[in-house]
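**Q** For what it's worth, my numbering labels the leading residue of the sequence shown as 148, then goes sequentially.
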Amino acid sequence: MAAGIFITLEGVEGSGKTTQAAILAGELRRRGRRVTLTHEPGGTRAGEAIRAIFLDPAVALGVASELLLVLADRAQHVREKLRPALEAGEIVISDRYSDSTTAYQGHGRGFDLKLLGELNQLASDDIRPDLTIVLDCPVETGLLRTRARARGDVRGYDRFEGEQLDFHRRVRAGFLSIARAEPARVTVIDSARELAGVSTDILIAVERLVGH
Ligand code: Z5A
Numbered sequence: 148m149a150a151g152i153f154i155t156l157e158g159v160e161g162s163g164k165t166t167q168a169a170i171l172a173g174e175l176r177r178r179g180r181r182v183t184l185t186h187e188p189g190g191t192r193a194g195e196a197i198r199a200i201f202l203d204p205a206v207a208l209g210v211a212s213e214l215l216l217v218l219a220d221r222a223q224h225v226r227e228k229l230r231p232a233l234e235a236g237e238i239v240i241s242d243r244y245s246d247s248t249t250a251y252q253g254h255g256r257g258f259d260l261k262l263l264g265e266l267n268q269l270a271s272d273d274i275r276p277d278l279t280i281v282l283d284c285p286v287e288t289g290l291l292r293t294r295a296r297a298r299g300d301v302r303g304y305d306r307f308e309g310e311q312l313d314f315h316r317r318v319r320a321g322f323l324s325i326a327r328a329e330p331a332r333v334t335v336i337d338s339a340r341e342l343a344g345v346s347t348d349i350l351i352a353v354e355r356l357v358g359h
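1. Give me every residue whose Cβ sits closer than 5 angstroms to any heavy atom of ligand 1, in chain order.
2. Note down the Cα distance separating GLU341 from ASP348, rounded to an integer number of angstroms.
3. Counting along the chain, where does the alpha helix (DSSP H) carrying HIS186 start and finish?
4. Whole beta strand (DSSP E) runs in the stretch 222 to 264 with 3 or more residues, listed along the chain?
5. Tell me the DSSP secondary structure of PHE132 in three-state form.
6. On the DSSP letters alone, give me the boundaries of the alpha helix (DSSP H) that ASP348 sits inside.
7. Starting from GLU195, follow the alpha helix (DSSP H) in both directions and report where the run begins and ends.
8. Mind reading off the beta-carbon distance from ILE325 to ALA250? Whole number of angstroms is fine, and I expect it under 8 angstroms.
9. Could you spell out where the beta strand (DSSP E) holding GLU157 opens and where it closes?
10. Answer yes or no: do GLY158 and VAL281 have a C-beta to C-beta separation smaller than 7 angstroms?
11. Going by DSSP in three states, ILE274 sits in which element: helix, strand or coil?
12. Below 8 angstroms on the Cβ atoms is my guess for GLY309 versus GLU234; work out the distance and round it to an integer in Å.
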C-alpha cells in the first residue's frame, strides 16, 4: 500500500459527520492536498443502489441481510474507490466506514461482535483507517437536527431515523467502546456545540497525522 492516508468520520445520526467531512476536505484541498471525499453506504454506483435498499424502511430486512448488504457495499467501495485513491497517495476521508457496522449491526442490532469483526475484515480487505474521528453527541441532539431536516423532505424517515431512542443509545455506546479499545486510532470529539469549534478540533487531530 502506498503513501495515502485514510481518515474516517463516525458517530450517531446528526452528529455532524457529513458537514464536518466536507469542511475538512475543503481545508485540506486549500492547503494543496489531494483529497477523495466519500461515504458509506454508497460511494460507488453499486453502493448507491445498495444504499437505496438499505435505507428504505418499506423494504423488510433481517439483521443478517442488513449486515451483508452493508458489507457488500464496503467491499465494492474498497475495491473501486478507497484502495485506488490510497495507492495514488491521496488523503481519503470517508463519512462512515467499518466502525459504523460494529456500532449499528453489532451494538445496535445485537449481531455477534466476533463474527462481525471477521466479516468486516473480509469486506474491508485490510484497508484500515489511520485516524477515526468519532463525533459524539447525545442521541436526542443528533435526532433533533436530522428530524428538523426531514420535515422539509418528502421522503420522510429512513430505516434508522425511525428507530427507538434505545437503539441509538446502544449505537452511541458502541462507538465510545470502540474508542476506548483503540485510543491510538480513534479520537472522540464533542459535537454537541457550535460547528466552528468542532471543525477546529478535527483539524488539530488531523494535523497530528498529516502535518500542517
Ligand atoms: N449504517 C449502518 O447501519 N451500518 C454501516 O455499516 C454503515 C451505515 C456504513 C446512513 O444513513 C445510515 O446507515 C446510518 C447508519 C447506517 N443511519 N443512521 N443513523 P445516512 O448516510 O443517510 O445518515 P447519517 O450517516 O447518519 O448522516 P446524517 O443523518 O446526515 O448525519 P450526519 O452526517 O452526522 O450530520 P450532518 O448531515 O452533517 O448534519 C445533520 C444536520 O445537523 C444538518 O442539518 C446540519 O446542518 C446540522 N448540524 C451539523 N452540525 C451541527 C452543529 N454542530 N450544530 C448545529 N447543527 C448542526
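Beta carbons: idealized from backbone N, C-alpha and C, even for Gly.
**A** In this structure, then:
1. GLU160, GLY161, SER162, GLY163, LYS164, THR165, THR166, GLU187, VAL217, ARG243, SER247, THR248, TYR251, ARG292, THR293, ARG296, PHE307 and LEU342
2. Start at 1 with the first residue of the sequence shown, and residue 341 comes out as number 194. Start at 1 with the first residue of the sequence shown, and residue 348 comes out as number 201. Answer to the nearest angstrom: the Cα atoms are 12 angstroms apart.
3. Locating residue 186 in the sequence shown gives position 39, where the first residue counts as 1. Run containing HIS186: none in the alpha helix (DSSP H); it sits in the beta strand (DSSP E), 182 to 186.
4. 238 to 242
5. Limits of the chain in this structure are 148 at one end and 359 at the other, which puts residue 132 out of reach.
6. As a working mapping, residue 348 is identified with position 201 in the sequence shown. Residues 342 to 357.
7. Within the sequence shown, residue 195 is the residue found at index 48, counting from 1. Unbroken alpha helix (DSSP H) run through GLU195: 192 to 202.
8. Indexing the sequence shown from 1 puts residue 325 at position 178. Indexing the sequence shown from 1 puts residue 250 at position 103. Right, the Cβ-Cβ distance comes to about 7 angstroms (below 8 angstroms), so this counts as a contact.
9. If you number the sequence shown from 1, residue 157 lands on position 10. Unbroken beta strand (DSSP E) run through GLU157: 152 to 158.
10. In the sequence shown, counting from the first residue as 1, residue 158 sits at position 11. In the sequence shown, counting from the first residue as 1, residue 281 sits at position 134. Yes, they are a contact pair.
11. Position 127 of the sequence shown, counting from 1, holds the residue named residue 274. Reduced to three states, the DSSP call for ILE274 is coil.
12. As a working note, residue 309 is residue 162 in the sequence shown. As a working note, residue 234 is residue 87 in the sequence shown. Contact doesn't hold; Cβ gap of about 39 angstroms is too wide.
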